[in-house]
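Undergrad:
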Ligand SMILES: NC(=O)c1ccc[n+]([C@@H]2O[C@H](COP(=O)([O-])OP(=O)(O)OC[C@H]3O[C@@H](n4cnc5c(N)ncnc54)[C@H](O)[C@@H]3O)[C@@H](O)[C@H]2O)c1
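Numbering (my numbering), first residue to last: 57 to 366.
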């Protein structure tokens, strides 16, 4: 139980990647506060965690609002006694399109959630993590021999901030200015926060998931995709599969643990190798598959919109 006696906030923890993360952190012993706008799903996930012997509660609210960011931290401390980990994962679609298409209101709303919420989460979590002090399971290493320190031992394992970016933060897709801007900014923001909070003993890392089939994703695939389309997705991954919420939750629980205290400011792509490939080779590899499966459909085919751009 590597997270025994730890307390974690998971935003967007009712379902999807956040849902899987809340369950995984609880399985490792953390008390988890789910913060989400979907009450029914949050209640369902809390019950699932409790059924498996874990401890969880939820707060219903929009994490891009300052009062909710403050309240989630207050509740974590008043109800569970401390705060060690925050996973900043919540997301809801706020409009696609290029700079020409997007309305100013959607731009602000989208970025308020994609990056504003992460700033607010850190603003209120960091003081609470400082106040909570060192991780309950941490025994400070003795520094001796080579690498002997010339000063006091550094602060370690005070807290963890884990921001969810995306492969869309590393590589950009067309007609998606808000999402691509937001997810790239998460990577820069993670580095900045890592520098600012490292001396306090708080590490800050980001995860960039590839295509993760969540409850919502599964619905969408069911409505608009077919087996040939899903296989096309799998073939784009060197590991020949898409991801599950648990794949991301596993990386998050490692980054949350004391073993990860020398990793900070990093964006770890948990994407089965999707983002390491050279696109022009990949496209040529898939050419025969696509031309011999002319009726393949993916969730890009929603409303039969054409993706042709030339
Ligand atoms: N699923 C993927 O393939 C994938 C890939 C890369 C990155 N991601 C990222 O992972 C994160 C989770 O995505 P997901 O696919 O699990 O999404 P999801 O839609 O399944 O879950 C998102 C959760 O966030 C909640 N939420 C939405 N707006 C909120 C708000 N304003 N305040 C609080 N909660 C809110 C939703 O109710 C939901 O429970 C997102 O940051 C997303 O960008 C997902």
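Every residue, glycine too, gets a C-beta built ideally from N, C-alpha and C. Please read these numbers as outputs of a predicted model, since none were measured by experiment.
Quick one: which unbroken beta strand (DSSP E) runs of 3-plus residues sit fully inside the stretch 286–343? Chain order, please.
TA: The qualifying runs are 323–326.
Undergrad: Measure the Cβ-Cβ separation of residue 214 and residue 257 and say whether it is below 8 Å.
TA: Taking the chain shown and counting its residues from 1, one reaches residue 214 at position 158. Taking the chain shown and counting its residues from 1, one reaches residue 257 at position 201. In contact: residue 214 and residue 257 (Cβ atoms closer than 8 Å).
Undergrad: Check whether the stretch 275–283 touches the stretch 294–302, taking contact to mean three or more Cβ pairs, one atom from each stretch, closer than 8 Å.
TA: No, they do not touch.
Undergrad: Identify the continuous alpha helix (DSSP H) that holds residue 235 and give its terminal residues.
TA: Residue numbering aside, residue 235 sits at position 179 when the chain shown is read from its first letter. Segment 233–253, the alpha helix (DSSP H) holding residue 235.
Undergrad: Rounded to the nearest angstrom, what separates residue 357 and residue 99 at their Cα positions?
TA: Within the chain shown, numbered from 1, the residue matching residue 357 stands at position 301. Within the chain shown, numbered from 1, the residue matching residue 99 stands at position 43. Cα to Cα, residue 357 sits roughly 33 Å from residue 99.
Undergrad: Where does residue 80 sit, in a helix, a strand or coil, going by DSSP?
TA: In the chain shown, counting from the first residue as 1, residue 80 sits at position 24. Helix, per DSSP.
Undergrad: Could you check which residue in 331, 208, 225 has the C-alpha nearest to that of residue 246?
TA: Position 190 of the chain shown, counted from the start, is the residue given in the question as residue 246. For residue 246, the nearest C-alpha among the options comes from 225.
Undergrad: Is residue 84 near ligand 1 - that is, is its Cβ less than 7 Å away from at least one heavy atom of it?
TA: Within the chain shown, numbered from 1, the residue matching residue 84 stands at position 28. Not so, every heavy atom of ligand 1 lies at least 7 Å from the Cβ.
Undergrad: Given that a residue counts as buried once 16 or more other Cβ atoms are within 10 Å of its Cβ, and exposed if not, what is residue 57?
TA: Translated into the one-based positions of the chain shown, residue 57 becomes position 1. Exposed.
Undergrad: According to DSSP, simplified to helix, strand and coil, what is residue 276?
TA: Mapped onto the chain shown, residue 276 falls at position 220. Reduced to three states, the DSSP call for residue 276 is helix.
Undergrad: Inspect the beta-carbon positions of residue 82 and residue 116 and report whether they are closer than 8 Å.
TA: For the purposes of this step, residue 82 is taken as residue 26 along the chain shown, with counting starting at 1. For the purposes of this step, residue 116 is taken as residue 60 along the chain shown, with counting starting at 1. Contact flag unset, no.
Undergrad: Is it right to say residue 154 is buried, meaning 16 or more other beta carbons lie within 10 angstroms of its own, or is it exposed?
TA: For the purposes of this step, residue 154 is identified with residue 98 of the chain shown, where counting begins at 1. So residue 154 ends up on the exposed side.
Undergrad: Within the present structure, is the beta-carbon of residue 255 separated from the nearest heavy atom of ligand 1 by less than 7 Å?
TA: Walking along the chain shown from the start, residue 255 turns up at place 199. Because no heavy atom of ligand 1 lies under 7 Å away, the Cβ of residue 255 does not count as near it: no.
Undergrad: If you draw a straight line from the alpha carbon of residue 131 to that of residue 74, how long is it in whole angstroms?
TA: Walking along the chain shown from the start, residue 131 turns up at place 75. Walking along the chain shown from the start, residue 74 turns up at place 18. Cα to Cα, residue 131 sits roughly 19 Å from residue 74.
Undergrad: Within 10 Å of its beta-carbon, does residue 207 have 16 or more other beta-carbons around it, so buried, or fewer, so exposed?
TA: Your numbering for residue 207 matches position 151 in the chain shown. Exposed, since its Cβ has fewer than 16 Cβ neighbours within 10 Å.
Undergrad: Does the beta carbon of residue 169 fall short of 7 Å from some heavy atom of ligand 1?
TA: For the purposes of this step, residue 169 is taken as residue 113 along the chain shown, with counting starting at 1. At least one heavy atom of ligand 1 is nearer than 7 Å to the Cβ of residue 169, so yes.
Undergrad: Applying the criterion that 16 or more other CB atoms from any shown protein chain within 10 Å of the CB defines a buried residue, is residue 252 buried or exposed?
TA: Translated into the one-based positions of the chain shown, residue 252 becomes position 196. So residue 252 ends up on the exposed side.
Undergrad: Round the Cβ separation of residue 188 and residue 199 to the nearest angstrom and send it over; I've been treating them as touching at under 8 Å.
TA: On the chain shown, residue 188 is found 132 positions in, with the first residue counted as 1. On the chain shown, residue 199 is found 143 positions in, with the first residue counted as 1. Incorrect: roughly 24 Å between the Cβ atoms, too far for contact.
Undergrad: Please name the residue in 293, 286, 309 whose C-alpha comes closest to that of residue 352.
TA: Taking the first residue of the chain shown as 1, we reach residue 352 at position 296. Nearest of 293, 286, 309 to residue 352, Cα basis: 286.
Undergrad: Helix, strand or coil for residue 113 per DSSP?
TA: Locating residue 113 in the chain shown gives position 57, counting from the first residue. Correct three-state label for residue 113: strand.
Undergrad: By DSSP's criteria, residue 435 is part of a beta bridge. Which residues make up the other side?
TA: Any answer about residue 435 is impossible in this case: the structure gives the chain only from 57 up to 366.
Undergrad: Looking at the strands, I want to know which residues DSSP matches up with residue 87.
TA: By one-based count along the chain shown, residue 87 stands at place 31. Per DSSP, 63, 111.
Undergrad: From the DSSP secondary-structure annotation, give me the bridge partner or partners of residue 92.
TA: Your numbering for residue 92 matches position 36 in the chain shown. DSSP, once it has assigned bridges, lists 116 as partnering residue 92.
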